[in-house]
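As they're listed, the protein sequences go chains L and X. Just so you know, our numbering puts 56 at position 56 of the first sequence, and the rest follows in order with no gaps. Just so you know, our numbering puts 1370 at position 370 of the second sequence, and the rest follows in order with no gaps. Beneath this line is the structure, given in structure tokens, with notes to follow.
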Amino acid sequence: MNSAAAFFKAKSEGRARAVFLRRNGPILMVYAFILLLVVIGITQSERFFTERNLANVARQSAFLGIVALGQMLVILTAGIDLSVGSLVKVSILVSAIVMNGESANVLPAILATLALGVIVGLIHGFLINELRIAPFIVTLASLVILRGIGLTISSSPVGKASREVMMFYVKKVGPVPIIALMFFALVIVTLLLLRYTVFGKYLYAIGGNTEVARLSGLPVKKTRYGVYVLCSLSAAVTGLLWLSRMGVGDPAIGDGIELQTITAVIIGGTSLFGGRASVLGTLGGVLLLGITANLLVMLGVNQFIQGLIQGVIIVAAVALYKQEGD
Amino acid sequence: MKRILQCILLVSLVFGLGALSLAQDDMAGGMSFEFTDEQIEASPYLQSVLSRLDETYDTSDFAKEGPYRIAFAAQGTSNAWSALMDAHAYWYVEHLGEEVVSEFMYGDAQRSADIQVPQVEDLLAQEPDAMILVPMGAAALSAPVERAMMQGVPVVLCASAVETDNFVTEVGTNLWTVGANLAQWIVDQLDGEGNVLVMVGVPGVTTSDVMEEGAQAVFDANPGINILDKQPGFWSTAEAKTIMETWLTQHGDNVDAIWSGGAQMSQGIISAYLDAGLDIPPIGGGEWQNGFLRLALEHDIDYLAWQYPNAMITLCIDAALQILAGEPIPRFIDFSGVIPNSEPFTDEQGAEYFREEWSDDVHGPITMPDEKLAELGFATMDDG
């Protein structure tokens, strides 16, 4: 009897392990690939695994990572936000102009930028909910409009960050840049949001089947308003971080960020059709892209090759998830 | 032996850059130009360049024993000009030898400031001895340059400027003077009266904006010159041709001269005129670009060409080595007259600059061997 119980227990554990591996295999592969890149980095460059470079990679990842988290939430609801790059552009301009190098203007600049994020998110939510325009169309139009607004504000650098805002970029807690800590904190908050809050459950439900969610009485519209506001806020925050990095409002910043965020989210195992997302996967996607970019600079590889490698990573990731789905 | 080689190299660098600083006293921008006080007052760029012409930087804090690890944050292989700048850089480093430059770290910005900013951070994380930067945005790269200097990495700006003054030296030319002289040539061609079209490069990019500023100052000082229109051609032949076609529809043969911020755009302008079957007016704004010269020779076009040789990267590398040797260095190094055949020229000398064996996208002068250029696919070698 004991041996039979032990047999069934072992079988059940084996099955659980198999289910875990089947569900998380592709994400584990992403982290295995990151590990491989780290090993390549260590063996190929003596300066790769240094405190300075690791801090550098962590801080750089935050710039993509914060928007990628927002993008992941939108994609989880079967939506998409193509406007995040243009919103980063307008955010850096607005914050730089309002701040104008004055410490006293830091708070108004932050509030104005965050308000901009909220307004853009609400507009997206309105057009998608009330006018029933597809998220792809709404945010594509928004990408073009916001870019136009940005270049109308100024086609050359304007405004200025205050001294403290510029110093924020290099600030560290121990060896870890404060911007990287901010990102990791947001990763944990997003993880908790999706696992333990009703809002998180709604996101999965809406992404899984919007019609069923609506018929079940879930607040689909409110949730969509919320998720687009969160995504736009993440872009606005990233605009503020860019201001801290550059010191001025440069309209050249922001183009193409939307595609990088979607890439990171896809690599992380979030389904473009909604209903499935992984915060740790998105973190893996962000780190994978960040480490790849860093390593290729370390190895002196040109950017075209970097684009090629990113493309291969996306195809490989999607192929892995497809296998899992099958 | 290594020490002797290093000494010879350093002595030649000191003499080379000494000659270079003497040369720039009377050769700002490769052409002479007398600035008025008002022009200097109105242009922060002019103020910066003119003041730095007379300054030297005490580099003793950066002095260290070689061989050196140098970082190169490049524009990237986004067009033939920058691809050849990279090729010059690698060839020159190889030519200097590992006993001088032990590691040459490279970042390819793809002509984008938001790619270049993190790349500069990646390069700095490798703790280079010096950094050569081709800035993709004067404002965008200012903070990264300041952070590099704060980290103790001396920065040499190559081919473009940043807004901060906290760097060691800049290699380039006085772009305001270039723009002004191209405009002055047009004024002289028209005896001070006529209709002019202005095609600038990329708005917001320092090289383009400063040239435009210089040109505008000259046109403003000549009331007989009527600017019909001013548009950006984005340093693109295709964009320039589209704009020129529209201009020709609008202004027809009422155009007396064209100011152009680059040879690629001048090619588009010429092409639009050829399609329209109209006479091509004088163009202030060619370059030593083989395709432009071919077209200009074939159609007997009047032009003034300025130069912006990608070979200036060799001076940038020399400057980095001089800094690391602890030698004082001029804060602005004008390549004009230092790199052979880098002075402006007109259509009368065009045939001397044209190279049949080069492909159309090559910008001269080229200082690396012909074999190297052929190896890169930019030239054909004569079998004989």
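Using N, Cα and C, we set each Cβ at its ideal position, and we do this for glycine too.
Does the pairing of the region 119–132 of chain L with the region 262–277 of chain L give three or more beta-carbon distances under 8 Å? no
Closer than 7 Å between beta carbons: that is the criterion. Which residues of the region 1080–1112 of chain X meet it against chain L? Within the region 1080–1112 of chain X, the residues whose Cβ lies closer than 7 Å to some Cβ of chain L are Met1105, Tyr1106, Gly1107, Asp1108 and Gln1110, listed in chain order.
Beta strand (DSSP E) containing Thr1169 (chain X): first to last residue? Thr1169 to Gly1172
In chain X, which residues lie with their C-beta within 7 Å of the C-beta of Gln260 (chain L)? Using a Cβ-Cβ cut-off of 7 Å, Gln260 (chain L) is close to nothing in chain X; its nearest Cβ partner there is about 10 Å away.
What are the boundary residues of the alpha helix (DSSP H) that Pro1328 (chain X) is part of? Unbroken run through Pro1328 (chain X): none, as it is neither H nor E.
Please list the residues of the region 250–276 of chain L that have a C-beta atom closer than 9 Å to any C-beta atom in chain A, keeping them in chain order. Absence of chain A from the displayed structure is noted, the protein chains being L and X.
So what does DSSP say about His1088 (chain X), is it helix, strand or coil? helix
Chain L contact for Leu1175 (chain X) (CB, 9 Å cutoff): no
Does any residue of chain L bring its CB to less than 9 Å from the CB of Ser977 (chain X)? Here chain X has residues from 1001 to 1384 only, and residue 977 (chain X) is not among them.
Pick helix, strand or coil for Ala1071 (chain X), following the three-state DSSP scheme. strand
Please list, in chain order, all residues of the same chain as Arg245 (chain L) whose beta carbon is under 6 Å from its beta carbon, the five residues on each side excluded. Correct list, in chain order: Tyr169.
Per DSSP, the bridge partner or partners of Ile1227 (chain X): X:Val1196
Counting C-beta neighbours from all protein chains within 10 Å, is the total for Ser39 (chain L) 16 or more, i.e. buried, or is it exposed? Note that residue 39 (chain L) is Val in the sequence shown, not Ser. Residue environment: Val39 (chain L) is assigned as exposed (fewer than 16 neighbouring CB atoms within 10 Å of its CB, all protein chains considered).
Whose C-alpha, out of X:Asp1275, X:Leu1321 and X:Met1211, is nearest the C-alpha of His1299 (chain X)? X:Asp1275
Cβ closer than 8 Å: which chain X residues qualify as neighbours of Ser156 (chain L)? Ala1139, Pro1203, Gly1204 and Asp1209
Can you confirm whether Gly247 (chain L), when its beta carbon is compared against all beta carbons of chain X, has any partner nearer than 9 Å? yes
Say whether chain L places a C-beta atom closer than 9 Å to the C-beta of Val1198 (chain X). Not an interface residue.
With a CB to CB cut of under 7 Å and the five nearest residues on each side skipped, what residues in its chain are close to Ser234 (chain L)? Ile66, Val67, Leu69 and Gly70
Residue range of the unbroken alpha helix (DSSP H) whose run includes Tyr1303 (chain X): Bounds of any alpha helix (DSSP H) do not take in Tyr1303 (chain X); it lies within the beta strand (DSSP E) bounded by Tyr1303 to Trp1306.
Compile a chain-ordered list of the residues in the region 1116–1147 of chain X whose CB is closer than 9 Å to at least one CB of chain L. Val1117, Pro1118, Gln1119, Glu1121, Asp1122, Leu1123, Leu1124, Ala1125, Gln1126, Glu1127, Met1136, Gly1137, Ala1138, Ala1139, Ala1140, Leu1141, Ser1142, Ala1143, Pro1144, Glu1146 and Arg1147
Nearest CA to the CA of Asn1310 (chain X): which residue from X:Tyr1092, X:Thr1059 and X:Thr1036? X:Tyr1092
Close-in-space but distant-in-sequence residues of the same chain around Trp242 (chain L) (CB under 6 Å, 5 per side omitted): Ile92 and Ile253
Let me make sure I understand the geometry here. Which of L:Ala16, L:Thr238 and L:Leu215 has the alpha-carbon closest to that of Ser86 (chain L)? L:Thr238
Does any C-beta atom of chain X lie closer than 9 Å to the C-beta of Thr50 (chain L)? yes
Would you verify that the beta carbon of Glu1213 (chain X) is, or is not, closer than 9 Å to some beta carbon of chain L? Contacts with chain L at 9 Å (Cβ-Cβ) do not include Glu1213 (chain X).
Considering just the uninterrupted stretch of the alpha helix (DSSP H) at Met182 (chain L), what are its terminal residues? Ile178 to Tyr196
Among L:Leu21, L:Gly150 and L:Leu37, which has the Cα closest to the Cα of Leu296 (chain L)? L:Leu37
Reference Ile1227 (chain X); option with closest CA among X:Ser1236, X:Met1199 and X:Asp1188: X:Met1199
From the DSSP output, read off the bridge partner residues of Cys1158 (chain X). X:Val1171
Of the listed residues L:Val189, L:Ala96, L:Tyr31 and L:Leu289, nearest to Thr261 (chain L) (C-alpha basis): L:Leu289
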